[in-house]
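All the letters of the sequence shown, read from the start, carry residue numbers 1 to 681 under UniProt numbering.
C-beta atoms are modelled at their ideal positions from N, C-alpha and C, and glycine is treated no differently.
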Amino acid sequence: MNAELLAPAGGEEQLIAAVRCGADAVYLGTKAFNARRNAGNFDREALRRAVSYCHARNVKVHVTLNTLLMDPELPEFLDTLETVAESGADAAIVQDLAAAKLVREHCPELELHASTQMAIHNVYGAQKMEDLGFSRVVLARELSLSEISEICRKTSLAAEVFVHGALCMCVSGMCYLSSLLGGRSGNRGLCAQPCRLNFRSAGRPYALSLKDMSHISAIRQLTEAGVQSFKIEGRMKRPEYVAAAVAACRTAMDGGTPDLADLQAVFSRSGFTDGYLRGARSLSMFGHRTQEDVAAAAGVLSRLAAAYRAETPKIPVQMQLTLERGVPARLQVSDGIQSCRIEGELPQEARTAPASFESVHKSLSKTGGTPFFLKTLTTELADGVMLPAASLNRLRRDGLTALLARRSEVPPKPFLPQKAPLFNAVRRPFPSKPEIRIRVETWEQAQAVLPFQKTVILPIEVLEAHISEIENADRVIGELPALIFPGEEDALLLSLQALQKAGLQRVLTGQIGWIDRLKACGLTVCGGYGLNLSNTLALHEAERLGFADATLSFELPFRRVRALGGMLPRGILAYGHLPVMQLRACPAQKESGCAGCDGRPKLLDRRGMPFPLICHKRRYTTLLNPVPLALGDKPLRGIDFAVLYFTLETPETCQARYRAFCSGETPDFDRTNGFYDREWK
Numbered sequence: 001m002n003a004e005l006l007a008p009a010g011g012e013e014q015l016i017a018a019v020r021c022g023a024d025a026v027y028l029g030t031k032a033f034n035a036r037r038n039a040g041n042f043d044r045e046a047l048r049r050a051v052s053y054c055h056a057r058n059v060k061v062h063v064t065l066n067t068l069l070m071d072p073e074l075p076e077f078l079d080t081l082e083t084v085a086e087s088g089a090d091a092a093i094v095q096d097l098a099a100a101k102l103v104r105e106h107c108p109e110l111e112l113h114a115s116t117q118m119a120i121h122n123v124y125g126a127q128k129m130e131d132l133g134f135s136r137v138v139l140a141r142e143l144s145l146s147e148i149s150e151i152c153r154k155t156s157l158a159a160e161v162f163v164h165g166a167l168c169m170c171v172s173g174m175c176y177l178s179s180l181l182g183g184r185s186g187n188r189g190l191c192a193q194p195c196r197l198n199f200r201s202a203g204r205p206y207a208l209s210l211k212d213m214s215h216i217s218a219i220r221q222l223t224e225a226g227v228q229s230f231k232i233e234g235r236m237k238r239p240e241y242v243a244a245a246v247a248a249c250r251t252a253m254d255g256g257t258p259d260l261a262d263l264q265a266v267f268s269r270s271g272f273t274d275g276y277l278r279g280a281r282s283l284s285m286f287g288h289r290t291q292e293d294v295a296a297a298a299g300v301l302s303r304l305a306a307a308y309r310a311e312t313p314k315i316p317v318q319m320q321l322t323l324e325r326g327v328p329a330r331l332q333v334s335d336g337i338q339s340c341r342i343e344g345e346l347p348q349e350a351r352t353a354p355a356s357f358e359s360v361h362k363s364l365s366k367t368g369g370t371p372f373f374l375k376t377l378t379t380e381l382a383d384g385v386m387l388p389a390a391s392l393n394r395l396r397r398d399g400l401t402a403l404l405a406r407r408s409e410v411p412p413k414p415f416l417p418q419k420a421p422l423f424n425a426v427r428r429p430f431p432s433k434p435e436i437r438i439r440v441e442t443w444e445q446a447q448a449v450l451p452f453q454k455t456v457i458l459p460i461e462v463l464e465a466h467i468s469e470i471e472n473a474d475r476v477i478g479e480l481p482a483l484i485f486p487g488e489e490d491a492l493l494l495s496l497q498a499l500q501k502a503g504l505q506r507v508l509t510g511q512i513g514w515i516d517r518l519k520a521c522g523l524t525v526c527g528g529y530g531l532n533l534s535n536t537l538a539l540h541e542a543e544r545l546g547f548a549d550a551t552l553s554f555e556l557p558f559r560r561v562r563a564l565g566g567m568l569p570r571g572i573l574a575y576g577h578l579p580v581m582q583l584r585a586c587p588a589q590k591e592s593g594c595a596g597c598d599g600r601p602k603l604l605d606r607r608g609m610p611f612p613l614i615c616h617k618r619r620y621t622t623l624l625n626p627v628p629l630a631l632g633d634k635p636l637r638g639i640d641f642a643v644l645y646f647t648l649e650t651p652e653t654c655q656a657r658y659r660a661f662c663s664g665e666t667p668d669f670d671r672t673n674g675f676y677d678r679e680w681k
């Protein structure tokens, strides 16, 4: 199977540029429920036109439906899905577990692709996507070539990998910075890119801004690793960018050496990086858009626009021309599947030169302005007759127009209408006061709260060192790392098995891929906030998969939390410096690497506000909101448990804030209410 070149189409002009420059498939969004809501996108009629245009030219269409959903939006999502099915599109790209379920049940012939927003970055995650009916997974951008290869080897799921375009600082689906700073959620398609602002690290500017990635020169190695789709980022980019990126990737996929100069000129951030792919996550990965970068684009735009001005003839056709006396000229045009027959004028008696194979071939091979080229021509020409060139040209035009129209007829995908309520709205009875769970970062914090707290959540590496010191280990929940990359799974699984034998009964994870392994270890599995659960149908899915309870997305407004149905116990983060980013390229690193770092550095934003970082043994880094969430004085009816998420606090502060929270005191420190009383845009 040949690998696919997948291009972005933020609007109709970008789509045309992608197709004419050599894309095998495009991905685009409808007007709602896609992760680039500020792109032009496609309404119902535009989507139908797009699919017809693409299918007529042997190009597939993948539709992004990859935002998180709330209960009131589920009927509209289903309507949008029906529109996608009617268009005849090829695949749906989703993030939300509810969206995946609705695609499977209502449009089973539509391919289901796991969005990069699902943060699939290890073998277990990819294997679980396969179990859930996905045919393809868009892997996290943070993976190295060897890690991608391992995932491809251990699953039959098709792997899609970004090979060019913008590189988010945070692992996709785990970024809440835009949401918490400005109310524009990346998980809802409205990221405002605050990471591109001037955050400073030890005086180094733009510490959260990475250069654009470019793995085009590694396409051969990625093919050998098993990647089946090469994806270009850029649904917010202009058509000239799409043209340049597609042309460069097409050249590389065809075995050539692309010239990346035009691509760098049309858009870059101080150049490109392949740091993640090489496993070299150094300062050379960082960059921002400069005036020089902006000026460079002006010199190439007109030339790049010319590259997609005309149709690219890439579909071979066979023609058969018949000229008989007294019978209208007949031209049959076929692409090997579809066939059209056109009649023209009566042939004329030749006065000088009768029609010959060479003369009619000259006219019929002029297919410019169409996506076709003449591959084979057969003729039946009566002796002594001819047809004027203008008549032959008209036959050719009419024949190719008819064939293109036939190829543009795209049958809809079957859509199964809703016959029952989308979900069981029955709600479990909630306690008058939620259970308090304390999550700690360190053993010192744990020692401060274990004497008087029933349920404490500790990172697995802390538990490994201190499980023997904990009385009644059933009080403890072991927290898996937010990121577990290929090569780390086996060692972690062995640790969990040992902890289970030592008395650990419950674990917490935000990674859906780990659910089966953890249950096989005899552990009860709690769902973490990283599952991004935000609607009742997703809660039903989490319960079906085997989660015993779940912490909801902390982006979900509390009035939406209270309205959720279903029987799965659920809770919220109610206190803490919220983890706004999970980073594999540390923004606090120096030229000398990690030398001299205590694992708790800070970034400064434009106003001098310090944003704390926590390093996790150099595997990944968490960026925290500098102002803690604190909801101790808010009504919290409608949930089963509230999590106090301690990270930076001293043991004494942990005790004090726990007591203040339990007594309902108004905080005497700077705090945020998070999304408690805001709307989620």
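Cβ-Cβ distance between residue i and residue j below 8 Å
| i | j | result |
| --- | --- | --- |
| V242 | A7 | yes |
| I232 | H164 | yes |
| G674 | F554 | yes |
| K413 | A85 | yes |
| A382 | P328 | no |
| L260 | I219 | no |
| V440 | L463 | no |
| R250 | G22 | yes |
| R37 | G189 | yes |
| A482 | T622 | yes |
| L102 | L81 | yes |
Residues bridged to residue i (per DSSP)
| i | result |
| --- | --- |
| H164 | S214 and I232 |
| M319 | V333 and L377 |
| L613 | L623 |
| E4 | S229 |
| Y27 | P8 and H62 |
| residue 743 | Nothing in the structure corresponds to residue 743, since the chain is present only between 1 and 681. |
| F42 | T30 |
| M386 | Q348 |
| S339 | S334 |
Cutoff 6 Å; reference residue i; Cβ partners in own chain excluding five residues on either side
| i | result |
| --- | --- |
| V627 | D670 and T672 |
| Y176 | V580 |
| C654 | Q445, A448, V449 and F646 |
| residue 687 | With the chain covering 1 to 681 only, the question about residue 687 has no answer from this structure. |
| M386 | Q348, A350, P354 and A355 |
| A91 | H62, E111 and H113 |
| S268 | D212 and D293 |
| V246 | A7, A18, C21, G22 and A23 |
Rounded distance between the beta-carbons of residue j and residue i, thought under 8 Å
| i | j | result |
| --- | --- | --- |
| M285 | K366 | Rounded, the Cβ-Cβ distance is 50 Å, inconsistent with contact. |
| E111 | S135 | 5 Å |
| L631 | A574 | 4 Å |
| G478 | V507 | 5 Å |
| L65 | Q418 | At roughly 17 Å, the Cβ-Cβ gap does not stay under 8 Å, so L65 and Q418 are not in contact. |
| A25 | H62 | 6 Å |
| G399 | V333 | 4 Å |
| A50 | L15 | 6 Å |
| R600 | L613 | 7 Å |
| T536 | G565 | 4 Å |
| G271 | G255 | With 8 Å as the limit, G271 and G255 do not qualify as a contact, their Cβ atoms being about 25 Å apart. |
| R48 | L603 | 47 Å between Cβ atoms; not a contact. |
| V410 | S52 | 6 Å |
Neighbourhood of residue i by C-beta, 7 Å cutoff - its chain only, sequence neighbours within 5 removed
| i | result |
| --- | --- |
| I639 | F430, P434, V561, R570, G571 and I572 |
| M118 | Q95 and G173 |
| S185 | S178, S179, E555, W680 and K681 |
| Q589 | L283 |
| R341 | R330 and Q332 |
Close beta carbons around residue i, own chain, < 8 Å, minus the five adjacent residues each side
| i | result |
| --- | --- |
| N393 | S363 and K366 |
| P313 | T367, G368, T370, P371, F372 and F373 |
| Q338 | L403, R406 and R407 |
| V227 | A3, I148, C152, A159, E160 and V161 |
Heavy atom of the ligand MG within 7 Å of residue i beta-carbon
| i | result |
| --- | --- |
| I151 | Here there are no bound small molecules, and the ligand MG is not part of this structure. |
Proximity test, Cβ basis, 8 Å: residue i and chain B
| i | result |
| --- | --- |
| P354 | Looking at the structure shown, chain B is missing, and only one protein chain is on hand. |
- Item | Unbroken stretches of the beta strand (DSSP E), 3 residues or longer, contained in the segment 418-501 | Whole beta strand (DSSP E) segments, 3+ residues: 435-439, 455-459 and 476-479.
- Query: What are the uninterrupted segments assigned as alpha helix (DSSP H) that are 4 or more residues long and contained completely in the segment 532-559, given in chain order?
  - Reply: 536-545
- Item | Segments of 3+ residues assigned as beta strand (DSSP E) that fall wholly inside the segment 256-324 | Counting whole runs of 3 or more residues, the segment 256-324 contains the beta strand (DSSP E) stretches 315-324.
- Query: Which runs of the alpha helix (DSSP H) spanning at least 4 residues fall entirely within the segment 643-669, listed in chain order?
  - Reply: 651-663
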